[in-house]
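A quick write-up on the structure given underneath.
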Amino acid sequence: MKASDVLVQALEVEGVKYIFGIPGEENLDFLESLRTSTIQLVLTRHEQAAGFMAATYGRLTGKTGVCLSTLGPGATNFTTSAAYALLGGMPVLFLTGQKPIKKSKQARFQIVDIVAMMGPLTKFSQLIIDGNQIPHLVRECFRIAEREKPGPTHLELPEDVAREETDRSPFAITDVDPASASLAAIKKAAALLTQAKAPLVAIASGANRDSTHRALHQFIERTELYFFTTQMGKGVVDERHPRCLGTTALSDHDYLHHAIDKADVILNVGHDTSEKPPFFMVENGKQIVIHLSFFEAEMDDVYFPQHEVIGCMTANLGMLTEALGQRAETPEYFAEVKRKIDTHVFDKNDAQTFPNIPQRIVSDVRQAMPEDGILSLDNGMYKIWFARNYPAYQPNTVLLDNALATMGAGLPVAIAAKLVNPKRAVVAICGDGGFMMNSQELETAVRLKLDLIVLVLRDNAYGMIRWKQDSMEMKDFGLSFNNPDFVRYAESYGAHGHRVTKTGELCALMESSFKTGGVHLIELPVDYSENETVLTDELKQIQF
Ligand SMILES: Cc1ncc(C[n+]2csc(CCOP(=O)(O)OP(=O)(O)O)c2C)c(N)n1
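Residue numbers (the working numbering): 36 to 579.
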C-alpha cells in the first residue's frame, strides 16, 4: 500500500472527520489518498485560518483537529495558529508536505526547515523519513496532542516518502486513564479551605476542557463558596449563579478584584500561566493559592501557588468535595462586592446613545443569543467588554483567546464551532482590524453553506491599542485606518450584509438573521469612549 494511503487510514482510525487546509503540489499523493476516504477536506483561503479551525475542532471535542499545508510558504503560514493551539491548550496535528528528500531536482527552491520552525511551537515535530514509520508516528502525535496540557504536533511528509510502498497498518487506539492526586494532597487542600476565613474559587481554561464542569458545579453547590472565572474559564459554571462574582476581564482594580484581594485562600481550578493573569500573587503576601489542575503549576513572579492538587480534575474535585468538613462562614464582604458588581457593571445595558457603547452591544447580543449559542471573539477592545459583561450560561459558549491573544481568529474559529455544533447558533464578534486579517474565510463559510453571523465592530482603528496609548497619556498616532464598505464586501462573497444605523436594531437583526440562515455580516459602529470613562477612570475610584 502507498504510504499516503496508510497515513489517511491511520487518520480514519483516529476518528478524524475533517482536514482543514490548502494543498500544494507536494501534497498531491496525500490528496489522492484523501479523495476516497471518509474524511472531509475543508478547503480554506489561508493556512493560518485552517490552523485556527483545526485547533477549535480540538478545543471543542477534545479530539485532535487536523490541518494540511504544503512546504515553505504554506507551512510558514501555520506558525500563528500553532502558537495559538500551544498556548491555548488545543490538540491539533499540523501536516505539511515537502519536496522529495532522497532525490530532488529543485535544489533549495521553497525549502526552509519547517520541522525546526515548528519545534518551539508544538509539543512534537518530526519529519517522516520512511513510510513504515507512519502508523506509530500518527498514534504518537494524537496521544501527545490530547495529553494534558493538550496542544499541537507536527508531521512533515515528503513527496517521495508519500509514494513509497509499505505493508504496515494503523495502530489501534488505546485508552490511558489519567492519574488522580494522593489523599494527602486532597486532605491538605481541604484543611486549607476549612480553616480559611474568606475562601474563593477561581475557574480557568483547563476546567472548560472536559467534564470538570459537573464536578465543579457540585463542589460549588455543596461548599457554597463564592467563585469567579478567568476569561477562558467562562461558562464552566452558569454565570447567573447567585455566588458568581463574574470574570476577570482585567488583571486588577476591577470590582471583582476587591473580593480577590480580601480572599485568604483561593482554589484555582484549571489555570495555567499562559492565560493573562486573572490576579497577581504578591511576594510575601498572606494569600494562599491552591493550584488544582491536570498538570503542575509553572512558577512565575505573579503565580506561585503554595499547594498543588494534580491529576484528573473531575476525580480530584469529587474527592475534595467529600473531604471538606465544616467550613468557616463566607464573609458578608463578598456579598457586598457581588451587589456592587450587579449595580455598576451592568448599569449601562440600556444606554440609548448611538453609536452604541460596548455595554449596550454586549447586552443586546446576550439578549439575541440562545442559551446554548456560541460566541467566537476575535482579539480587540470588545473582548474585555464581552469577558466582563456577557454572562455565559454553558461551558465553551464564549470562545476567546486570552493566551496568544491573536487577532484574526474570530471568523475561522466560528466556522469550526459551527461545523462541530451544526444545530447551535454561532456568532463571530470581530473588530474591523481583526476581521480583515482573515475576512477571506467568508468565502469558506458561504461555500460550506453555514448559518453564521459575523458582527464587525467598526471604529476605523486598532481601538485597543488606541485606548492603551491614551491611558499612557500619549498623543493619538499611528492607529487609524479606512475600511471597505462591509455590506457590499459581504455581498460580494454571496453573504448577507447589514449595517446597524440606530440603537435597538441589533437584537432584531440578529434574531432575523438566525431565522433566515446563511452567512450574515452585521456592521456596527462602536463608541469606545467608555474605555476611558469606566476602565480607566471609574475603576480607579472604587470605594468599599
Ligand atoms: C496578529 C496580531 N497583531 C497585533 C496584535 C496587537 N493588537 C491587539 S488588539 C489590537 C487592535 C485590534 O483592533 P480591532 O480588531 O479593530 O479591534 P478594536 O480594538 O478596535 O475593537 C492590536 C493591533 C495582536 N494581538 N495580534
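Glycine included, each C-beta is placed from N, C-alpha and C at the ideal position.
| query | result |
| --- | --- |
| By the DSSP assignment, the alpha helix (DSSP H) with GLN402 in it spans what residues? | 393-403 |
| If ARG395 sits next to GLY281, beta carbons under 8 Å apart, how far is it from one beta carbon to the other, in whole angstroms? | In fact, because the Cβ distance is near 18 Å, the residues do not count as touching under 8 Å. |
| Any heavy atom of ligand 3 inside 8 Å of the beta-carbon of CYS465? | Within the structure as shown, ligand 3 is missing, the only ligands being ligand 1. |
| Once DSSP output is grouped into helix, strand and coil, what is the label at SER506? | helix |
| According to DSSP, CYS465 sits in a beta bridge with which residue or residues? | VAL491 |
| Sorry if obvious, but does the Cβ on ASN437 come closer than 8 Å to a heavy atom of ligand 1? | no |
| Pick out the complete alpha helix (DSSP H) segments inside the region 73-106, 4 residues or longer, and give them in chain order. | 82-96 |
| In the structure shown, what three-state DSSP assignment does ALA117 receive? | helix |
| For ligand 1, is there any heavy atom lying closer than 8 Å to the beta carbon of ALA239? | no |
| For THR551, which of ASP486, GLU371, THR568 has the nearest alpha-carbon? | ASP486 |
| How should SER506 be labelled, buried or exposed, when 16 other C-beta atoms within 10 angstroms of its C-beta is the threshold for buried? | exposed |
| Give the straight-line distance between the Cα atoms of GLU175 and ILE208, rounded to the nearest whole angstrom. | 10 Å |
| How many Å lie between GLU274 and LYS375 at the Cα? | 16 Å |
| Of all the options ASN518, TRP502, THR115, which has the alpha carbon lying nearest to the alpha carbon of LEU570? | TRP502 |
| Less than 8 Å between the CB of VAL561 and some heavy atom of ligand 1, yes or no? | yes |
| For ASP40, I'd like the list of residues in its chain whose CB is within less than 7 Å of its CB, leaving aside the five on either flank, ordered along the chain. | SER68 |
| Can you tell me which of the three DSSP states ILE295 falls into? | helix |
| Is ASN414 close to ligand 1? I mean its beta-carbon at under 8 Å from any heavy atom of the ligand. | yes |
| Take LEU291 and list the residues in its own chain whose beta-carbon comes closer than 8 Å to its own, dropping the five residues that flank it on each side. | PHE263, LEU280, GLY281, THR282, THR283, VAL372, ILE376 |
| Please name the residue, chosen from LEU130, GLN83, LEU410, that lies closest to GLU267 on a Cα-to-Cα basis. | Residue identity differs from the one stated: residue 267 is Met in this sequence, not Glu. Closest by alpha carbon: LEU410. |
| Out of THR479, ILE488, ALA444, point me to the one whose CA is closest to MET471's CA. | ALA444 |
| What first and last residue would you give for the beta strand (DSSP E) that runs through ALA237? | 234-238 |
| Sort ASN414, MET404, ALA386 by Cα distance to TYR425 and report the nearest one. | MET404 |
| Under three-state DSSP, which class holds VAL304? | strand |
| From which residue to which residue does the beta strand (DSSP E) around HIS189 run? | 187-193 |
| For SER328, I'd like the list of residues in its chain whose CB is within less than 6 Å of its CB, leaving aside the five on either flank, ordered along the chain. | GLY241, GLY305 |
| By the three-class DSSP mapping on this structure, what secondary structure does PHE516 have? | coil |
| Would you mind reading off the limits of the beta strand (DSSP E) that contains CYS601? | The displayed coordinates of the chain run from 36 to 579. Any statement about residue 601 would go beyond what the structure contains. |
| I need the straight-line Cα distance from VAL433 to GLY270, nearest angstrom please. | 7 Å |
| What did DSSP end up calling GLU200 once you bin it into helix, strand or coil? | strand |
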